[in-house]
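J.:
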Ligand SMILES: [Zn+2]
């Protein structure tokens with residue numbers, strides 16, 4: 003089968019979608035259920051219908067475009083929501099390549115037995131209630147408590163945000179009820195790292211997707227005058243964090259190179275020039291391709307926190323905000339991707355994903371696979387996100403062949 007995707011159309015679709023949610027700072031701000039996202043959803047549904055696919059959505063606002071068939075569904079897609087002031091390729095290349103592949107199959111009237119479906123998942127970026135709201139709801143892995151109490155990254159609570167939409171917490175909780183049996187889920191995504199570019203390869207075949215623990219933590223100490231309290235009498239919460247950050251990162255870098263630990267956010271109280279900090283609240287994000295390593299990191303960081311609290315006279319507490327398990331992609335899907343890379347003479351390499359993806363969540367109900375494309379300088383979640391169109395074309399051509407092989 004020599005069918006190829008239509009790059010010009012795919013490119014035009016990406017350019018059109020990138021105009022929705024333009025941020026004055028130069029990037030794109032399209033968090034799920036924002037005004038821009040609601041507009042993008044209508045745009046996408048229209049594109050799906052115009053491509054001759056059957057457009058539908060579930061209670062979580064996941065949008066589907068389907069070509070009917072018999073048996074388990076072969077599914078592909080990603081997300082169109084963005085972080086605040088993000089780029090135009092993260093997620094969207096997966097959704098619009100999926101649309102392009104199905105549109106080509108439809109217009110070339112290529113025979114397939116199984117149903118083929120493209121999907122755009124709601125709130126992959128976790129702007130509303132933790133990462134992967136849409137794919138978690140779709141697979142039945144969403145917790146009502148997180149939706150009701152879950153802290154949004156910005157703006158009002160989820161319940162209030164949903165008032166402007168046709169969705170509700172009840173409808174999100176019921177989203178998985180209509181889910182078909184899924185044979186395989188394949189997602190194209192930008193790499194979000196520098197490996198493919200450095201190794202000069204067109205296609206990344208993903209082997210493992212990192213699992214993540216996200217905590218909010220605090221050290222509580224005692225405030226005191228910056229000029230009169232001797233060092234030996236201080237209970238400086240900020241120094242607790244400083245010790246913790248250094249010990250934690252050095253430990254992971256030394257003992258588990260390839261795994262990650264990051265403190266991306268910290269608030270120092272009371273935040274005055276002349277007062278010893280009595281409290282720091284901070285985020286802790288640690289990730290690994292191995293669930294055993296995640297457990298070891300968890301144990302060690304709790305040990306560090308305990309030791310530091312003892313030596314500095316502090317109190318430590320933490321709350322688990324999010325937890326995802328590492329995932330191995332399907333050997334069968336990897337083999338198919340590699341087979342078609344070879345057939346099409348596209349250079350490829352296997353690699354791991356340090357970032358989380360909807361494919362990881364879908365793994366609980368289906369075989370999953372991911373195709374990465376190089377992104378310029380490894381940059382993502384930024385207006386500077388960039389790709390080469392030829393790389394996207396190649397990835398979408400591989401996807402098209404994989405979909406046809408799976409749905410035959
Ligand atoms: Zn993404």
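Numbering (the numbering used here), first residue to last: 3 to 410.
From the three backbone atoms N, C-alpha and C, an ideal C-beta is built for every residue, glycine too.
Compare the C-alpha of residue 56 against each of 210, 101, 67 and name the closest.
T.: 67
J.: Under the criterion of a Cβ to heavy atom distance below 7 Å, does residue 80 qualify as lining ligand 1?
T.: Yes.
J.: For the region 387-401 and the region 200-217, state whether three or more C-beta atom pairs, one from each stretch, are separated by less than 8 Å.
T.: Using a Cβ-Cβ distance cut-off of 8 Å, the region 387-401 and the region 200-217 are in contact, since at least three pairs of beta carbons, one from each stretch, lie closer than that value.
J.: Is the beta carbon of residue 404 sitting closer than 8 Å to the one on residue 306?
T.: no
J.: Run through the DSSP bridge pairs and tell me what residue 71 is partnered with.
T.: Partner(s): none; residue 71 has no beta bridge.
J.: Could you check if residue 92 belongs to the surroundings of ligand 2, using beta carbon to heavy atom distance under 7 Å?
T.: No copy of ligand 2 appears in this structure; the ligands present are ligand 1.
J.: CB-CB under 7 Å to residue 293, same chain, minus the five flanking residues each way: which ones, in chain order?
T.: 213, 327, 328
J.: Near residue 108, which residues of its chain fall below 7 Å by C-beta distance, leaving aside the five closest residues on each side in sequence?
T.: 53, 54, 55, 69
J.: Between residue 114 and ligand 1, is the CB less than 7 Å from at least one heavy atom?
T.: no
J.: Quick test of your reading: residue 177 and residue 61, contact by CB under 8 Å. State the CB separation rounded to the nearest angstrom.
T.: 4 Å
J.: Confirm, please, whether the CB-CB distance from residue 231 to residue 299 is below 8 Å.
T.: No, these two residues do not count as a Cβ contact at 8 Å.
J.: Would a C-beta distance cut-off of 8 Å place residue 221 and residue 316 closer than the cut-off?
T.: yes
J.: Have a look at the DSSP bridge pairing and note the partners of residue 299.
T.: According to the DSSP secondary-structure assignment, residue 299 is paired through a beta bridge with no residue.
J.: My parser needs the beta strand (DSSP E) runs of 3 or more residues fully inside the region 136-205; what are they?
T.: 184-192
J.: Locate the alpha helix (DSSP H) running through residue 255, then write down its first and last residues.
T.: 239-257
J.: Expressed to the nearest angstrom, what Euclidean distance is found between the alpha-carbon atoms of residue 407 and residue 73?
T.: For the pair residue 407 and residue 73, the Cα-to-Cα distance works out to about 14 Å.
J.: Given this structure, state the Cα-to-Cα distance separating residue 13 from residue 245, to the nearest angstrom.
T.: 48 Å
J.: On the three-state DSSP scale, how would you describe residue 90?
T.: coil
J.: Can you tell me whether residue 354 is helix, strand or coil according to DSSP?
T.: Three-state result, residue 354: strand.
J.: Nearest CA to the CA of residue 93: which residue from 24, 194, 116?
T.: For residue 93, the closest of 24, 194, 116 by C-alpha to C-alpha distance is 194.
J.: Measuring CB to CB, does residue 132 end up less than 8 Å from residue 324?
T.: Closer than 8 Å, so yes.
J.: Excluding five sequence neighbours on each side, which residues of the same chain lie with their C-beta closer than 8 Å to the C-beta of residue 11?
T.: 102, 105
J.: Less than 8 Å between C-beta atoms, sequence neighbours within five positions excluded: which residues of the same chain meet that for residue 319?
T.: Closer than 8 Å at Cβ, skipping near neighbours: 219, 220, 222.
J.: Let me know the secondary structure DSSP gives residue 377 once reduced to three states.
T.: The DSSP-derived three-state label of residue 377 is coil.
J.: Roughly how many angstroms lie between the CA atoms of residue 375 and residue 390, to the nearest whole one?
T.: 9 Å
J.: Can you tell me whether residue 272 is buried or exposed? The criterion is at least 16 other CB atoms within 10 Å of its CB, across all chains shown.
T.: exposed
J.: State the Cα-Cα distance for the pair residue 147 and residue 171, rounded to the nearest angstrom.
T.: 10 Å
J.: With a cut-off of 8 Å on the beta carbons, I'd call residue 385 and residue 87 a contact; round off their distance for me.
T.: 6 Å
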